[in-house]
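Q:
Number of protein chains: 2
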Amino acid sequence: MLAVSNIHEIAQPLVHQSIDFAPLFLRQATETATAGSTIFFDGDAARHVFSIVSGNVRICRFLPDGRRLIIGFLGTGDLVGLSFRNRYMFSAEAIDEVVFSRMGKRMLEAELQLVPEFRPQLLSHLRDEISAGQDHMLLLSHKNAQQRVCSFLLQRLEKTQSPDGRTIHLPMVRADIADHLGMTIETVSRTLTKLVAKGVLLPAEKHQFKVISRSELARSADEYAEDAVEGGGAGDRHAGRRYQ
Amino acid sequence: MLAVSNIHEIAQPLVHQSIDFAPLFLRQATETATAGSTIFFDGDAARHVFSIVSGNVRICRFLPDGRRLIIGFLGTGDLVGLSFRNRYMFSAEAIDEVVFSRMGKRMLEAELQLVPEFRPQLLSHLRDEISAGQDHMLLLSHKNAQQRVCSFLLQRLEKTQSPDGRTIHLPMVRADIADHLGMTIETVSRTLTKLVAKGVLLPAEKHQFKVISRSELARSADEYAEDAVEGGGAGDRHAGRRYQ
DNA sequence: CGGGCCCTTGAAGGCCCTCAACGGAGGTGG
DNA sequence: CCACCTCCGTTGAGGGCCTTCAAGGGCCCG
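Protein chains in written order, with our numbering: chain A, 111 to 354; chain B, 111 to 354.
1) Tell me the DSSP secondary structure of T140 of chain B in three-state form.
2) Flag E221 of chain B as yes if its beta-carbon sits less than 7 angstroms from any beta-carbon of chain A, otherwise no.
3) Do you know whose CA, among A:L263, A:R351, A:L134, lies nearest H317 of chain A's CA?
4) With which residues is V159 of chain A paired in a DSSP beta bridge?
5) Are the Cβ atoms of I181 of chain A and F200 of chain A separated by less than 7 angstroms?
6) On the premise that R212 of chain A lies in contact with Q138 of chain A, defined as a C-beta separation below 8 angstroms, what is that separation, rounded to the nearest angstrom?
7) Need the endpoints of the beta strand (DSSP E) that S325 of chain B sits in, please.
8) Since R171 of chain A contacts L179 of chain A with CB under 8 angstroms, what's their CB separation in whole angstroms?
9) Between T144 of chain B and A204 of chain B, how many whole angstroms is the CB-CB distance? I'm expecting something under 8 angstroms.
10) What does the Cβ neighbour count give for A132 of chain A, buried or exposed, with the cut at 16 atoms within 10 Å?
11) Cβ of H235 of chain B less than 7 angstroms from any chain A Cβ?
12) Where do the N-terminal and C-terminal ends of the beta strand (DSSP E) with L312 of chain B fall, by residue?
13) Could you check whether N166 of chain B and D206 of chain B sit closer than 7 angstroms to each other, using their CB atoms as the reference points?
14) Comparing the CB of S251 of chain B with every heavy atom of the ligand MN, is any distance shorter than 6 angstroms?
15) So the alpha helix (DSSP H) K229 of chain B belongs to, where does it begin and stop?
16) In the structure shown, what three-state DSSP assignment does E203 of chain B receive?
17) To the nearest whole angstrom, what separates the beta carbons of L311 of chain B and F319 of chain B, a pair I think is in contact under 8 angstroms?
18) Can you tell me which residues form a DSSP beta bridge with K320 of chain B?
19) Please state whether DSSP places R300 of chain A in a helix, a strand or coil.
20) Listed from N- to C-terminal order along the chain, which residues in the stretch 174-197 of chain B have their beta-carbon within a distance smaller than 8 angstroms of any beta-carbon of chain A?
21) With a cut-off of 8 angstroms on the beta carbons, I'd call V159 of chain A and L192 of chain A a contact; round off their distance for me.
22) Within 7 angstroms of any Cβ in chain A, is that where the Cβ of G146 of chain B sits?
23) Could you have a look at L189 of chain A and say whether DSSP puts it in helix, strand or coil?
24) Is the beta carbon of T140 of chain B less than 7 angstroms from the beta carbon of S164 of chain B?
25) With the cut-off set at 7 angstroms, would you say S261 of chain A and A331 of chain A are in Cβ contact?
26) Name, in chain order, the residues that DSSP records as bridge partners for T148 of chain B.
27) Between G243 of chain A and chain B, is the shortest Cβ-Cβ distance under 7 angstroms, so that the two count as touching?
28) Taking the alpha-carbon positions, what's the A288 of chain B to A220 of chain A distance?
29) Give the residues from the stretch 162-173 of chain A that approach chain B closer than 9 angstroms (Cβ to any Cβ), ordered along the chain.
30) Closest to L236 of chain B by CA distance: which of A:M293, A:L305, A:F194, A:R351 is it?
31) Helix, strand or coil, according to DSSP, for Q263 of chain A in the structure here?
32) With distance defined between alpha-carbon atoms, name the residue in A:A255, A:V321, A:R324 nearest to R300 of chain A.
33) Do I278 of chain A and L291 of chain A have their CB atoms nearer than 7 angstroms?
34) Where does Q122 of chain B sit, in a helix, a strand or coil, going by DSSP?
35) Is the CB of I360 of chain B under 7 angstroms away from at least one CB in chain A?
36) Please check if any C-beta of chain A sits within less than 7 angstroms of the C-beta of R300 of chain B.
Now the structure itself:
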């Protein structure tokens, strides 16, 4: 609150980490989903709320023609299902092996009656989801390829805190990243290659990158294109009008 | 008939119970904002919830470099402010002359204590906002110019019910539409011109269009490009991979 | 070893952005 | 009344970013 983080800060977890709902799930049995399996489908009756114990999940929406948008990625400690009315409005798929527990909505409601202190947290969760969604709209509407990838990498860096503070874990495949950022796998790949060439990133183990220059990464995420190539400057595709 | 009063519903066949907070605002005094003025600023302390009595409002977010994203448009009966935590996370600007009333968050909280039946409606409102945001992400990430404009027109057509059922009101200027759809004013203009040429739309009075073929409009909004030109078919920019 | 999946890299083209100019609507003042 | 300005919308020409299509290599597993 006092640490006035930039209001326009993009690097923000899309689905916020569950604040203190965890205790609610402690008594629930855990289940396991194998990599690639679907935890729940878009359109199914929304009867449960889920808490991820371990593993990674992608949440997806589909267009009528089969194209896909990945709303976001969930990891350990994340919660999903609070924002549903009667039916799930997207599907949740396991990226790797996922351990999770679920709670019936009725039971959740009973808990809320019992412990009304959870209620404002529920609201906060929904508000965070709205805010994160708007940030993502900003990314999708105005950012170019490099800015999108760098924003995503920063987000991953902050979400999955690594011991050395500079390791980015990308458990998902390129197609997932592409469908999350509104790009193609080829452009994602090319952009990452370019970041490595520029010395911003270093490929580490499988599904991992080391951040060499965090400041450069942050600058590339937010700022106006400024290609490292000295020639550039002309015609950024996502420049647009500027106000104020 | 369901007078959905959520913030920026995208055309989708959702069955919503009408969220009617209106009674809460009946005893509040009304205020007026002139066209172009700002009702509240991004970053201000969020102390009030607003209800639009008449007129049109745009809600905006800005990137550090001054570019703009219009999250959505508000009209008569719409509510804004429920999704804020401590500070407004976007600004609200009057498009034309706007009459509105406000209620302090504390007072709202008191009303909720008094009439707990409003609580689930509050949740529903937030969930609609999340759902609408995700719909808009889909538009921004995967739809081309024609699909974006047609989706927007359909949304306006349903939101502002006209007597003849086929009049679209566009009180906002082209720049507003462009910043809402992630395009430029030129592309918005060209797309509208093309729709008129194809006989889908008919320019009516200022800020109005008549819908000649609603089915064609709907098809153009959702489907795969299929240019009316017989030659086409090659290379849609937003085709992408298709699943399932 | 063959097959599938994933990632990368190259070449060509298209959609949309950028820059530019023009016309109309509305307001102001001479 | 008309010149003048500003804002808004339209239309044209050119170029760039990203998509599309294509090919190849690495890895894993049966």
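The C-beta atom is built at its ideal place from N, Cα and C for all residues, glycine as well.
A: In this structure, then:
1) Here residue 140 of chain B corresponds to residue number 30 of the second sequence, with the count starting at 1. Looking at T140 of chain B - three-state DSSP - the assignment turns out to be strand.
2) In the second sequence, the residue the question calls residue 221 of chain B occupies position 111. Taking Cβ atoms only, chain A never reaches closer than 7 angstroms to E221 of chain B, which makes this a no.
3) Indexing the first sequence from 1 puts residue 317 of chain A at position 207. Taking only the C-alpha atoms, the option nearest H317 of chain A is A:L263.
4) As a first step, residue 159 of chain A is located in the first sequence; it is residue number 49 there, counting from the start. Note: V159 of chain A sits in a beta bridge opposite A:M213.
5) In the first sequence, residue 181 of chain A corresponds to position 71, counting from 1. In the first sequence, residue 200 of chain A corresponds to position 90, counting from 1. Cβ distance < 7 angstroms, so I181 of chain A and F200 of chain A count as in contact.
6) Here residue 138 of chain A is taken as the residue at index 28 of the first sequence, counted from 1. Here residue 212 of chain A is taken as the residue at index 102 of the first sequence, counted from 1. That belief holds up - the Cβ atoms of Q138 of chain A and R212 of chain A are roughly 7 angstroms apart, short of 8 angstroms.
7) Locating residue 325 of chain B in the second sequence gives position 215, counting from the first residue. Not the beta strand (DSSP E): S325 of chain B falls in the alpha helix (DSSP H), residues 324-332.
8) As a working mapping, residue 171 of chain A is identified with position 61 in the first sequence. As a working mapping, residue 179 of chain A is identified with position 69 in the first sequence. Between L179 of chain A and R171 of chain A the Cβ distance is about 5 angstroms, and since that is below 8 angstroms, they are a contact.
9) As a first step, residue 144 of chain B must be located in the second sequence, where it is residue number 34. As a first step, residue 204 of chain B must be located in the second sequence, where it is residue number 94. With a Cβ gap of about 7 angstroms, T144 of chain B and A204 of chain B count as contacting.
10) Counting from one through the first sequence, the residue named residue 132 of chain A turns up at place 22. A132 of chain A comes out exposed.
11) As a first step, residue 235 of chain B is located in the second sequence; it is residue number 125 there, counting from the start. Answer no: the Cβ-Cβ gap between H235 of chain B and chain A never drops below 7 angstroms.
12) Numbered from its first residue, the second sequence carries residue 312 of chain B at position 202. Note, L312 of chain B: beta strand (DSSP E), 311-313.
13) For this step, residue 206 of chain B is matched to residue 96 along the second sequence. For this step, residue 166 of chain B is matched to residue 56 along the second sequence. Yes, Cβ-Cβ distance for D206 of chain B and N166 of chain B is below 7 angstroms.
14) Among the ligands in the structure shown, none appear at all, so the ligand MN cannot be discussed.
15) Sequence index remark: in the second sequence, residue 229 of chain B carries index 119 (1-based). What sits at residue 229 of chain B in the sequence shown is Arg, not Lys. Unbroken alpha helix (DSSP H) run through R229 of chain B: 228-252.
16) Counting from 1 along the second sequence, the entry for residue 203 of chain B is found at position 93. It is a strand residue.
17) As a first step, residue 311 of chain B must be located in the second sequence, where it is residue number 201. As a first step, residue 319 of chain B must be located in the second sequence, where it is residue number 209. Approximately 5 angstroms separates the beta-carbon atoms of L311 of chain B and F319 of chain B; this is inside 8 angstroms, confirming the contact.
18) Counting from one through the second sequence, the residue named residue 320 of chain B turns up at place 210. Partner(s): B:T277, B:L312.
19) Taking the first sequence and counting its residues from 1, the one referred to as residue 300 of chain A is at position 190. Three-state result, R300 of chain A: helix.
20) P174, D175, G176, R177, R178, L179, I181, S193, F194, R195, N196, R197
21) Walking along the first sequence from the start, residue 159 of chain A turns up at place 49. Walking along the first sequence from the start, residue 192 of chain A turns up at place 82. V159 of chain A to L192 of chain A, Cβ: 6 angstroms. Contact.
22) Here residue 146 of chain B corresponds to residue number 36 of the second sequence, with the count starting at 1. No, G146 of chain B does not count as interfacial toward chain A.
23) Here residue 189 of chain A corresponds to residue number 79 of the first sequence, with the count starting at 1. Residue state, collapsed to three classes: strand.
24) As a working mapping, residue 140 of chain B is identified with position 30 in the second sequence. As a working mapping, residue 164 of chain B is identified with position 54 in the second sequence. No, the pair does not count as a contact, with Cβ atoms beyond the cut-off.
25) Sequence index remark: in the first sequence, residue 261 of chain A carries index 151 (1-based). Sequence index remark: in the first sequence, residue 331 of chain A carries index 221 (1-based). For S261 of chain A and A331 of chain A, yes; Cβs fall inside 7 angstroms.
26) For the purposes of this step, residue 148 of chain B is identified with residue 38 of the second sequence, where counting begins at 1. B:E203.
27) One-based indexing of the first sequence puts residue 243 of chain A at position 133. Yes, its Cβ sits closer than 7 angstroms to a Cβ of chain B.
28) Stepping through the second sequence from its first residue, residue 288 of chain B is reached at position 178. Stepping through the first sequence from its first residue, residue 220 of chain A is reached at position 110. So the two alpha carbons sit approximately 46 angstroms from each other.
29) Residues passing the 9 angstroms Cβ filter: C170, R171, F172, L173.
30) Taking the first residue of the second sequence as position 1, residue 236 of chain B is located at position 126. Of the listed residues, the one whose Cα sits closest to L236 of chain B is A:F194.
31) Position 153 of the first sequence, counted from the start, is the residue given in the question as residue 263 of chain A. A small correction: the amino acid at residue 263 of chain A is Leu; Gln does not occupy that position in the sequence shown. Taken through DSSP and simplified to helix, strand or coil, L263 of chain A comes out as helix.
32) Mapped onto the first sequence, residue 300 of chain A falls at position 190. Of the candidates A:A255, A:V321, A:R324, the one whose C-alpha sits nearest the C-alpha of R300 of chain A is A:A255.
33) In the first sequence, the residue the question calls residue 278 of chain A occupies position 168. In the first sequence, the residue the question calls residue 291 of chain A occupies position 181. No, the Cβ-Cβ distance between I278 of chain A and L291 of chain A is not below 7 angstroms.
34) What you label residue 122 of chain B is simply residue 12 of the second sequence in a count that begins at 1. For Q122 of chain B, the pLDDT reaches just 37, beneath the cut-off of 50, and the residue's location in the model is therefore unreliable, leaving the point undetermined.
35) Limits of chain B in this structure are 111 at one end and 354 at the other, which puts residue 360 of chain B out of reach.
36) The count along the second sequence starts at 1 and reaches residue 300 of chain B at position 190. No, R300 of chain B does not count as interfacial toward chain A.
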